[in-house]
Structure formats: C-alpha cells, structure tokens
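Peer 1:
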Amino acid sequence: MRYIMDTEISEKETYIIGSIVSQWGFLESDIFEQTYLSFGDDEDLPDSMKTNTHFSRVLKLWLKRVVEAQDATRRSILRDQYEKILSLNEFRQAVVHSRWEWKPDAPEEITAVRAHNENIKRVKFNFNSLAEFATALGEIRFSIRYPGGIEDRAEEMTRNGVHISRRGWDLLYGGASLNDRTKLDENE
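In this text, residue positions in the sequence shown follow UniProt numbering: the first is 1, and each later residue adds one.
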C-alpha cells in the first residue's frame, strides 16, 4: 500500500495552475531568447545569461538590450509588459512556491503560505483570480513576442507557415500523440 498526501486542489484549479506554470516558463524562455539574440558573436555573455538562474537579472538585461533598442511604439509596449511582469511576480511566487490552505467555511478562498526572507507570507486568491492571472500572462507573452500586434503574428505565420496547435491536435485525434497517430494510420 502507498500513502500519499493530497493537495486538496480541485481539477479546475490544477488545470489553471498548470497553465500559469507553463505560461510563466514560456515567458522566461522568450525573454531569455530575445536577450540572448541581442548579443553579437564578438560580445561576451554576462553571467546572468550563462546560468539563467535569476530571471530578474535576465529581465533587467532584456529591458536594457531588447526593449530600449526598439522604435518608440514598440519600446512603449514592451516597457508596459516589463512593468506588468514586475507587478505579477509576487502573485506568481505565491502560486508556485507555497503551501495552499483553505477552510470549510470559505471553500472558494485559498491562502498560499510560504517562508521567504525569514518571514511567513500569505496571499489569498480564488479560482477567478488564478484564471485572470493565466490570461494576463498569455497577453503579456503575446505582446512580448509580437509588439507590433497581430501584424507581427501574421508576418511570422507567412514566414513559417500555418500549423495546427497541440491543443488542436488533441481535439482532432482524441489525445493521441504523433507516434500514436502514426500507428493508428498504419493499422487502418
């Protein structure tokens, strides 16, 4: 017999937390890649780019090297995203690095509890605030990747072609992976 501790998080909360973690990971990766590409072959990478262990350091470098190098319109859009990332970081830390608690008399409310710098921090949220946070991350990511808006996205699609998303693949093939689908085709 195996004994486990349950997190007592609902399926929809688990889904949205997964979305938040995934979105933030993509956000960090996009910022790292844009910053990395701002360096020429003859430039040495700073330590923050070699280890990529402190996102805040890479983010500051991104502001300096990527954002400030843009035309006025794009620079303004990207600066806004920088400010939004800074403002959302504490909530993200609470979601990802905390123990979650809830009480039967307020089951819709979650308190994230974590130790940080010799303090105990508590942040309250609910499913709607998690969903809004995930959406905000997706919007920030879009603006970082496409500061020129939908026109930038269309230009990328023209260059790279259109493809089906992973979510679309799942809808079409009922969760079958690419390898599973190939096997299904062979058996038909």
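From the three backbone atoms N, C-alpha and C, an ideal C-beta is built for every residue, glycine too.
For clarity, every value in this text was computed on a predicted model and none was experimentally measured.
Within the chosen definition, does the segment 127-139 reach the segment 5-25 through at least 3 CB pairs nearer than 8 Å?
Peer 2: Output reads yes: the segment 5-25 touches the segment 127-139.
Peer 1: Tell me which same chain residues have a C-beta within less than 7 Å of the C-beta of L137, skipping the five on either side of it?
Peer 2: I20, Q23, W24 and L27.
Peer 1: Among residues of its own chain, excluding the 5 on either side of S10, which ones have a beta-carbon nearer than 6 Å to its beta-carbon?
Peer 2: Cβ within range, chain order: n/a, list empty.
Peer 1: May I ask you to report which of helix, strand or coil DSSP gives N119?
Peer 2: Strand, per DSSP.
Peer 1: Using a Cβ-Cβ cut-off of 6 Å (strictly less than) and excluding sequence neighbours within five positions of L184, which residues of its own chain qualify?
Peer 2: Bear in mind that a pLDDT of 47 at L184, under 50, signals an unreliable position, so the number given afterwards is only what the model happens to contain. Excluding positions up to five away in sequence, the list is empty.
Peer 1: I'd like to confirm something about G168: is its beta-carbon nearer than 7 Å to some heavy atom of the ligand SAM, or not?
Peer 2: Of the ligands one can find in the structure shown there are none, so the ligand SAM has no counterpart to examine.
Peer 1: Can you tell me whether D6 is buried or exposed, with buried defined as 16 or more other CB within 10 angstroms of its CB?
Peer 2: By the neighbour-count rule (16 or more Cβ atoms within 10 Å), D6 is not buried but exposed.
Peer 1: For W100, list the residues DSSP reports as bridge partners.
Peer 2: Per DSSP, A112.
Peer 1: So what does DSSP say about F142, is it helix, strand or coil?
Peer 2: It is helical.
Peer 1: In chain order, what are the residue ranges of uninterrupted alpha helix (DSSP H) at least 4 long that sit wholly in the segment 35-63?
Peer 2: Entirely contained in the segment 35-63, the alpha helix (DSSP H) runs reaching 4 residues are, in chain order, 47-51.
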